[in-house]
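Report on one structure; see the data block that follows.
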Amino acid sequence: MSEAHAARWEPTPNNLQSYWMPFTSNRAFKQSPRMISRAKDMFYYSTDGRAVMDGTAGLWCSNAGHCRTPIVEAIQRQAAELDYAPNFQFGHPKAFEAASRIATLAPADLNYVFFCNSGSEAADTALKIALAYHNVRGQGQRTRLIGRERGYHGVGFGGISVGGIVNNRKFFGSLLTGVDHLPHTYNRAEQAYSRGEPAWGAHLADDLERIVTLHDASTVAAVIVEPMAGSTGVLPPPQGYLQRLREICDKYGILLIFDEVITGFGRLGYAFAAERYGVTPDIITFAKGVTSGAVPMGGAIVRDHVYEAFMTGPENAIELFHGYTYTGHPVAAAAALASLDVYRDEGLFERARELEGVWADAAHALKGLPHVADIRTIGLVAGIDLDPHKDGVGKRGYQAMNKAFHDFDLMIRITGDTIALSPPLIITEAQIGEIFDKMAKLLKSLD
Ligand SMILES: Cc1ncc(COP(=O)(O)O)c(C=O)c1O
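When we follow the working numbering, the leftmost residue of the sequence shown carries the number 568, and every step to the right adds one.
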């Protein structure tokens, strides 16, 4: 072996430099890392041995809690039995089983599941299906996509085009053309300290009529919204808002897509938010909770009429030119099946529904503490807006996240100066109390 070759395989000191971390202030992190080495149930364990309460289910995904034995064992068994199988022109039983189980959980005739590996891919998959749906029905002129200000649909070019979080868009060129955005639904003066769906704001859906008229309805393919906007900082839908969107989409033959990457699998107390609101979209996207975060998986669930529109032409023809090497990955499918079993056996969606009031009481008790400007709760989610620090927007939020981890053994999530809390659905009432005790102390400790 040459010396140069050997040098490339030398053990390297792990000085943290090589990993370019996602959505992270890399330089600050590498100076003062927040490092996690293991997890169990409601807790992470830091590399310095502290039990850190998981106030965020990881990134809104570990809904069954961490390292749950049935999920771990299903993953282990599957990796040993069938590590990988192509899903293009071949199949394996667990992908079909997982699709059937998810379709059965989904409301109404949302009966067909297309798998991918993440929420971003799920959003792009849904947008592509919507465009192709109109195309195969002879309405290829329907190319416009409507998103919403402050929306988050992942980081693919489709997702950031319809998304409305400015920092996620502005560095990346002109994006998809023919996209427009609904106004976001937040108005502090009208909605402050809301529990559940705010009473004010349904009329904001009527802006869709304006957009549709402006562009000509016959050019619009789909509207995509998160039923509850999560990543932007927790904006529950105003009462009646989603129903209005559905009515307007129906009026103009536009597909309605609910991005349920966060709201799916129990976060709002139901399998999907569509069920909570009694509104049936044409496509639901999901990811995260489908495997309780244990293995990457995402997907799009479509209604009968969407799937059936593609099932024409010669039987040996491919109906949709879309898919990923890891679509329906066996290990992900096994993790999904095991996660669904845990959700069912432990009644975790119902549990989230039952705890919603206790959670809301505990969160809203923070009102009046230093820096708190608004609190919003829904399901097992809370958004807490902090007044910005005089030295700049985002500084106080960052300080809160850092201090929560280091000084209060609590993981919280921030978007700017908004704290988002979304614990695993296995949380107990006592642990809810603990999270908000820690939060109260944290708020009092901030500059
Ligand atoms: C509503 C929504 N859509 C899409 C995504 C993107 O998911 P991923 O990070 O798995 O690509 C997220 C992630 O938070 C999300 O909240």
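Think of the CB as a built atom: it goes at the ideal place given N, C-alpha and C, for glycine as much as any other residue.
- The Cβ-Cβ distance between Y651 and P897 falls below 8 Å.
- Beyond the five residues adjoining it in sequence on each side, G860 comes within less than 6 Å, by CB distance, of G625, C628 and S629 in the same chain, given in chain order.
- Taking all protein chains in view, the Cβ of D621 is crowded by 16 or more other Cβ atoms within 10 Å, so the residue is classified as buried.
- At a Cβ-Cβ threshold of 8 Å, G820 and V857 do not count as neighbours.
- Across the structure, K1008 and I696 are spaced so that their CA atoms are roughly 48 Å apart.
- In this structure, E882 has its beta carbon at no less than 7 Å from each heavy atom of ligand 1.
- In the DSSP assignment, C683 falls within the beta strand (DSSP E) that extends over L677 to C683.
- A Cβ-Cβ separation of about 15 Å leaves Y910 out of contact with A670 under the 8 Å criterion.
- Residues lining ligand 1 by the Cβ criterion, that is a Cβ closer than 7 Å to any of its heavy atoms, are L626, W627, S685, G686, S687, E688, A689, A690, Y719, H720, G721, V722, G726, E793, G797, S798, D826, V828, I829, T852, A854, K855 and G865 in chain order.
- Shown here, R918 sits in a helix according to DSSP, grouped into three states.
- In the three-state scheme derived from DSSP, where H, G and I count as helix and E and B as strand, H938 is classed as coil.
- Look at the beta carbons and you see the region 731–739 not touching the region 803–811: under three pairs across the two are nearer than 8 Å.
- Cα atoms of Y586 and P660: separation of roughly 37 Å, rounded to the nearest angstrom.
- Classified as buried, S728 has 16 or more neighbouring CB atoms from the shown chains inside 10 Å of its CB.
- Here A772 carries a helix assignment [DSSP, helix/strand/coil].
- Under the 8 Å Cβ criterion, the region 767–774 does not count as touching the region 907–925, having fewer than three qualifying pairs.
- The Cβ atoms of L977 and K1005 lie closer than 8 Å to each other.
- Contiguous alpha helix (DSSP H) elements confined to the region 633–716 occur at 636–648, 660–672 and 686–703, taking only those with 4 or more residues.
- For D912, the enclosing alpha helix (DSSP H) starts and ends at P897 to D912.
- Given a length threshold of 4 residues, each whole run of the alpha helix (DSSP H) inside the region 771–850 is given here in chain order: 774–782, 808–819 and 840–844.
- If you ignore the 5 residues before and after F596, its C-beta comes within less than 7 Å of the C-beta of M588, all in its own chain and listed in chain order.
- Distance check between C683 and each of A574, G880, R709 and F655 places F655 closest, using alpha-carbon atoms only.
- According to DSSP, H956 shares a beta bridge with G959.
- In terms of Cβ geometry, Y612 and S599 do not form a close pair [threshold 8 Å].
- Y844 and D826 have their alpha carbons spaced roughly 14 Å apart.
- In this structure, the beta-carbon distance from A662 to G895 falls below 8 Å.
- Where G726 is concerned, the enclosing alpha helix (DSSP H) starts and stops at F724 to V729.
- Measuring C-alpha to C-alpha distances from R736 to each of L749, H748, V722 and T744 identifies V722 as the nearest.
- The Cβ-Cβ distance between L749 and E716 falls below 8 Å.
- Under the DSSP assignment, S613 falls outside any alpha helix (DSSP H), being part of the beta strand (DSSP E) whose first and last residues are F610 to S613.
- For the pair D817 and A789, the Cα-to-Cα distance works out to about 11 Å.
- With contacts defined by Cβ atoms closer than 8 Å, P848 and I945 do not form a contacting pair.
- The C-beta of W576 has fewer than 16 other C-beta atoms within 10 Å across all chains shown, which makes the residue exposed.
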